[in-house]
Structures are given as C-alpha cells and as structure tokens.
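Asks: Just passing along the structure, written as structure tokens.
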Amino acid sequence: MSTPPQDFFWLNRPASKEYAIPYEAPPADANPVVRGLPLYYAGSLVARLGFIQSFLWRNAGFDRLRGRRELEYVDPRYEPNVIRTSHQPPSSADGISALLGEDWQAKRLPSNIYPSVLDYHEAFKAGSLTPSALAEALLPLVLRNVPNKTKHSTAFLETQVDLVRQAAAESTQRYADGKPLSPLDGVPVAIKDEQDITGYSKSLGSKIDYTDKNDATSYCVQLWQDAGAVVLGKTNMHELGMDTTNNNPVWGTPLNPHNDRYYCGGSSGGSAYVVAAGLTPVAMGNDGGGSIRIPSAYCGIYGLKTSHGRASIRPTSNETKSTGVAGPMAANMVDLEISYRLMCQPDPLEQDAKLFVPPARVDLEKNRRKVIGIYKTWFDRADPEVKKSCQDTIDYLTKNLGYETVYVDIPLVHDGQLAHAMTILVEGASAVAHVNQLSPANQILIAVGSQTSGVDIMQAQKLRNLLMKHLAHLYEQHPGMIILTATTPNPGISFHPADLKHGVTDANTEIRNMEYVWMANLVGCPAITVPVAYVEPVVGTGKVPIGLMGMGEWCSEDELLAFGYDVERYLNNESPQGRVKPFNFVNPIEVAAAES
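Heads up: the sequence shown begins at 1 in the UniProt record's numbering, then just goes up one per residue.
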C-alpha cells in the first residue's frame, strides 16, 4: 500500500502538483568518442585548458536549462530526502533476531543455478559445511596479490585474509554452539570500495587514498557484520563511480560473467560480477546514477536502489551527497530481501536514517495494490529486443498476477537527465583535489563538469523539485503504483579490447545507458531491477541479460520487493528461457565439498 497508516507520517514530502508539459525529444548526440593513446594525451590537455572544457561543456548541452520558462516560478530543492516515519521512535533492536523466526523457505524459488543465503545457512546448521571451510575454498579464487591470480581476482581490489578467517572462525563456533545470529551468519559477502571497513583501505577505484583516518566501518556494512556475514573483500568499481561501464585502467576491468566481450556495467561492476559469477550470494553497491541497477541488469542479478537517506553510510563522507545511496545486490530475491532488511535498520546516530520506519517483512500473501505505471513515449525508446522482453514480462503480470496498467506522463525527462548529470558531476568535482591523478577519461569528465555555473546548477535543482512535485501527484492519483521501464534501453555494452588499457570516453553511450535510471537518484525514490530475459550478443559467446526496472514511491521498498518476487517467479518458472547460468560461474558450496 502506498498510503501509510495513520500512525505514520511524512517528513519533507513535496507538495503534489501536476505539470502538463509536452514531450520534447532529446537533441542528437554530439559528444566525441575518444579511446587509446589519443585519450591518454587528451586527458591531461583538457584538464589544463579551460576553453576546451567550456567548449565540451556546451557541446554536451549542459546550457539547455537556461531560460526554461517552466522553471521560472519553481523553488530549487537541494536534497531529495522524503521520510516515512512514526510517532514512536523507530528501533533496530530486533532487526537481526526477527529474521531468524521467519519462514524464508516459503518465499524462495528453487534454483538449479545460484545457491541462496538460505542454502548456506542450512548447510551450516546441518554441519555439512562450515563457514571456515567455505572461506578457505573461496580465498584462492579471489586474491589478486598472488602469483597465480584467477579469472575472478580482478573483481576484487582488496581481501584481508586474516579478517576473513577470523570472521569465519567466529561464525563456525556460533553454529557449533547452535546460536547463529541470522540467516546471513557465516555467508560470504562483498562490499564495493565506496564504503569504509575497519582494516581495509579505500581508493574509490582510483590511485588516490580515501581511507577513513579513524579506521571506521560504514554503518550499513557494520549491520551485515553484526548479523555474522563474512566480508570476503572490497570490490572493483569504475574510478570514482563516474561512468556506467566499470572500465578501470587503474585496477583492471572485470568482464561480464555471461559474455567476456561485454562490460559488467558500473559503477558497482565488481559487486555485480561476484554475485553473477556465484562467488557470493549478496554484495553491497552504491548508486548515484544507476550504479547498482545498471551492473545488476547487465549481469543478470537483482539490485535495489534504496530511498535517499535510508541506508546509513556513516562515517563515509565522500558519497555523492544528493544523489547517491548504498543498497544490496543479490542472486535471488530472498537474498535481496534479507540483505536489505539488515543493512537498512535505523541508525540512531544519523540525522535522517534514524527516522525511517524500519524495513518490514514482505508478505507475499497480503492483499496489495498491483499498479504498473507506464510513460509510453519514454518506455518505447528502448531498443526493440529490450522493449519486447520488458513488455512480455508486463503482459504476464497483468494476465496472470492481477496487475493493472495505467498510463502516465512525466515532464521534461531528457532535461531531467541533464539536471541529474550536472548535479552529480558538480558534487563529484568538488570532492576531487587531485584531478591529475585520475585516469584520462575522468580527467576530462571532472574538468568539463567543473565548468557548470551557479545559475545552471540552480536550474537543475529547480527541475528536481518540479519532478518531485509531479511524482507526488502521480502517486496520490495511483496509490501503490510502480513506474516501469527497462533498466537500460540497450542490451549491455560490448567493448573494444584496446579500451581496457587506457579507458574510453563515450558520453553518448553513457547518456543512453542512464536514460531510465537517473530519475530515482535525482528525486530520491527507491527502484529495483530484476532480470527478465537474455538476448543474443553482437560479439563474443554467451547471451546478454536484460533487466526490468520498477521505481516506487518514497519509502516503498517493501512493495518493490514484493514486485520483485513476482517477476522472479515469471523468469524462473514461466518465461521461455528461464534463468541462464553464466559461463564464468562457480558454486562455492560444491567447491568446498570437493576440497573437504
């Protein structure tokens, strides 16, 4: 249900207002593609010459919001936090223990591909496997600073072996005592290098040291550790999170487990890789402009972009302030729900995160509104094979599961993407003191983004407010609605092998990749991506996954998870293809059993 009960109320919710603005097609792409040695030299040149930066800024269309009459009487809004809270102070005291008493097996779908958190938990309880034996089986697969790296090692930036073994040993003892902390106890997880973890460094995928000087752990990560999860390491990411491919010439580029001539997607590409390849059932990502959802879609897994401010990242200070969030990525829906509910418990020391109503149990038997919102003009811009895969899924939901489709209009979707791009680039540029230490592509991106004027960024925040008010209107008109699009309009991104050495700058492809995902970041709404199909590749061997995305009202993660379970049932049981196993896949339970 979208409308909260009377004992709940909203903080910071925008006033409802409809903006009837005719659709405007975006201008033709005009950004040059630069790769290889030309990119290597162009990076330092653009970073030094302001007139080239200004030219590229205007060429990208960043001046398009100037003089828009629709924004003339709209106040700017600088942050998208909208909080559903309670008259009773939210508490996370029973957040972990509550999960032990639930019948998770009733929710899960049998899978002959990905072991779930529950498979690990049951094996540990039965004594057929221990967390320590599992950790020893996984460590040789993921270590990168060893003579014989494996094909999986590039997905990790750092693994602290002693910390992994210690956490696994403590979990093994808890199971021996019959006192596991949660279903996640002893289960291997991976964390994107955007979060802080005690004993680990942090580089944000760059050469720059961003390690927290107090050697702290981000609160959302600590909640997983408090539940007994074994952190296998920190995962690779696109440098500073500033693109959608996860091409990383600094640390190496993990290649898609379904087809190694395709990118994993970014910027949480390392986290998507380890889940898709089967190394961990869950991983943590960060999403400032689709960085959880794009790689989850490209790698054929589930990803949840949480409501802005819900997941506490304290003490992380260099997160993109008004667009970025942390969230879970998982192999199965039951894993996504468990990991979300643990990491998004209220943080008593964080100003906004402490106010959110704690995540609730997703009741699949509950009578709930099932409303699909489609902005058809926007939806239809996806590539034909992507659009068909998404429409086939919607047809199943409406014909078999009782979903209703309503058609809606959303104003200025292409200008809104521009507003998001300016916002995230300016916030990112303000956090980078050493541009010359970045890879060439990011030297250009940060330099060009820094040309954004105060007037332009103000226009972007006005457009943020306009969109939030219009969405408030839509959600009032259609309670419980989930707005559906493809996650990305294209079926993955193949790469030129030369791009892996120096990187590539291809703003046209980046804009296309982000056509649907940006909105949830700018307006603060939660959004989920779910795999729905696989299509033939343009290069290489292995079918490429397609993702469907649903964006819900603020704080509607529970409804999105229920929707995700419905789509999982379609893919696993009803679709012609079913779930496809990546060629680059490992089952850790089988590996550990073979070594015992």
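All C-beta atoms in this analysis are idealised placements derived from N, C-alpha and C, irrespective of residue type, glycine included.
Pair every Cβ in the region 298-310 with every Cβ in the region 517-534, then say whether three or more of these pairs are closer than 8 Å.
Replies: Yes, the region 298-310 is in contact with the region 517-534.
Asks: Among the candidates S86, G252, A123, F563, whose CA atom is the shortest distance from the CA of V530?
Replies: The shortest Cα separation from V530 among S86, G252, A123, F563 belongs to F563.
Asks: Taking Cβ positions, are I197 and T211 nearer each other than 7 Å?
Replies: Result no, Cβ atoms of I197 and T211 do not sit closer than 7 Å.
Asks: Between which two residues does the alpha helix (DSSP H) containing T452 stretch?
Replies: Taken as a continuous stretch (DSSP letters only), T452 belongs to no alpha helix (DSSP H), as it is neither H nor E.
Asks: Please report how far the alpha carbon of W554 lies from the alpha carbon of T85, in whole angstroms.
Replies: One C-alpha to the other measures close to 12 Å.
Asks: From what residue to what residue does the beta strand (DSSP E) around M284 run?
Replies: Counting along the chain, the beta strand (DSSP E) containing M284 begins and ends at 282-287.
Asks: Suppose contacts are defined by Cβ-Cβ distances below 7 Å. Is R314 in contact with E350 by that definition?
Replies: Their beta carbons are under 7 Å apart, which means R314 touches E350 by this criterion.
Asks: Is N587 near G278, with beta carbons less than 7 Å apart?
Replies: Yes; because the gap between Cβ atoms is below 7 Å, this pair is in contact.
Asks: What residues in its chain sit with their C-beta under 6 Å from that of Q417, if we drop five residues either side in the sequence?
Replies: Counting only Cβ-Cβ distances below 6 Å, and skipping sequence neighbours, we find W518.
Asks: M329 lies in the beta strand (DSSP E); which residues open and close that run?
Replies: Taken as a continuous stretch (DSSP letters only), the beta strand (DSSP E) holding M329 covers 325-330.
Asks: Pick helix, strand or coil for M514, following the three-state DSSP scheme.
Replies: The answer is coil: DSSP assigns M514 none of H, G, I, E or B.
Asks: Taking 7 Å as the cut-off, decide whether the C-beta atoms of D352 and N81 are in contact.
Replies: Contact: yes.
Asks: Please report how far the alpha carbon of P12 lies from the alpha carbon of V46, in whole angstroms.
Replies: A small fix is needed here, since residue 12 is Asn in this sequence, not Pro. Looking at the two C-alpha atoms, the distance is approximately 40 Å.
Asks: So, for A592: in the same chain, excluding its five sequence neighbours on each side, which residues have a beta-carbon less than 7 Å away from its beta-carbon?
Replies: L129, A133, L134, A137.
Asks: Where are the beta strand (DSSP E) runs, 3 residues long or more, that stay fully inside the region 320-375, in chain order?
Replies: With a minimum length of 3 residues, the continuous beta strand (DSSP E) runs that stay inside the region 320-375 are 325-330, 371-374.
Asks: Report the rounded CA-to-CA distance for F585 versus P537, giving the unit in angstroms.
Replies: Taking the straight line from one Cα to the other gives about 18 Å.
Asks: Which residue comes first and which comes last in the alpha helix (DSSP H) that contains W224?
Replies: Counting along the chain, the alpha helix (DSSP H) containing W224 begins and ends at 219-226.
Asks: Cβ atoms of H121 and P38: under 7 Å apart, would you say?
Replies: In this structure, H121 does not lie closer than 7 Å to P38 by Cβ.
Asks: Note down, in chain order, each residue of its chain lying with its Cβ closer than 6 Å to the Cβ of P4, except the 5 sequence neighbours on either side.
Replies: Caution applies to P4, whose pLDDT of 48 falls short of 50 and renders its modelled position unreliable; the value that the coordinates give is listed next. Cβ neighbours of P4 beyond the five flanking positions: R84.
Asks: Only counting runs of 4 or more residues, tell me where the alpha helix (DSSP H) segments fall wholly within the region 517-570, in order along the chain.
Replies: Here the runs fully enclosed are 518-523, 557-569.
Asks: Can you tell me which of the three DSSP states G127 falls into?
Replies: Of the three classes helix, strand and coil, the one that applies to G127 here is coil, per DSSP.
Asks: So M422 and I394 are supposed to be a Cβ contact under 8 Å. How far apart are they, rounded?
Replies: In fact, because the Cβ distance is near 32 Å, the residues do not count as touching under 8 Å.
Asks: As a quick exercise: from G578, M549, I511, pick the residue whose alpha carbon is nearest that of D243.
Replies: Here the closest residue by C-alpha is I511.
Asks: Considering only residues of the same chain and omitting the five flanking positions on each side of I52, which have a CB-CB separation below 8 Å?
Replies: Taken in chain order, the residues that qualify are L45, V46.
Asks: So the candidates are R69, E427, V142; which of them puts its Cα closest to the Cα of G241?
Replies: Ranking R69, E427, V142 by Cα distance to G241 puts E427 first.
Asks: So G270 is in the alpha helix (DSSP H); what residue range does that whole segment cover?
Replies: Its alpha helix (DSSP H) spans residues 269-276.
Asks: Which residues does DSSP pair with Y407 in a beta bridge?
Replies: Y407 pairs with I374.
Asks: DSSP on E158, reduced to helix/strand/coil?
Replies: Of the three classes helix, strand and coil, the one that applies to E158 here is strand, per DSSP.
Asks: Less than 7 Å separating the beta-carbons of I374 and Y396?
Replies: It is not a contact, given that the beta carbons lie outside the stated cut-off.
Asks: Along the alpha helix (DSSP H) that carries K213, what are the first and last residues, could you check?
Replies: Premise fails: K213 is in no alpha helix (DSSP H) and is neither H nor E.
Asks: Among R369, V532, Q437, T398, which one has its Cα closest to the Cα of I208?
Replies: Of the candidates R369, V532, Q437, T398, the one whose C-alpha sits nearest the C-alpha of I208 is Q437.
Asks: Could you tell me whether the region 285-295 touches the region 341-349, where touching means 3 or more Cβ pairs closer than 8 Å?
Replies: At 8 Å Cβ cutoff, the stretches do not touch.
Asks: Assuming S312 and K192 form a contact by the criterion Cβ under 8 Å, report the distance between their Cβ atoms to the nearest whole angstrom.
Replies: No, S312 and K192 are not in contact; Cβ-Cβ is about 16 Å, not under 8 Å.
Asks: Hey, quick one: how far does the beta strand (DSSP E) through E41 stretch, first residue to last?
Replies: The sequence given here places Tyr at residue 41; Glu does not occur at that position. Note, Y41: premise wrong, no beta strand (DSSP E); alpha helix (DSSP H) at 36-48.
Asks: Taking the alpha helix (DSSP H) that L425 belongs to, which residues open and close that run?
Replies: Note, L425: alpha helix (DSSP H), 413-429.
Asks: DSSP has V504 in a bridge; who is on the other side?
Replies: Note: V504 sits in a beta bridge opposite R35.
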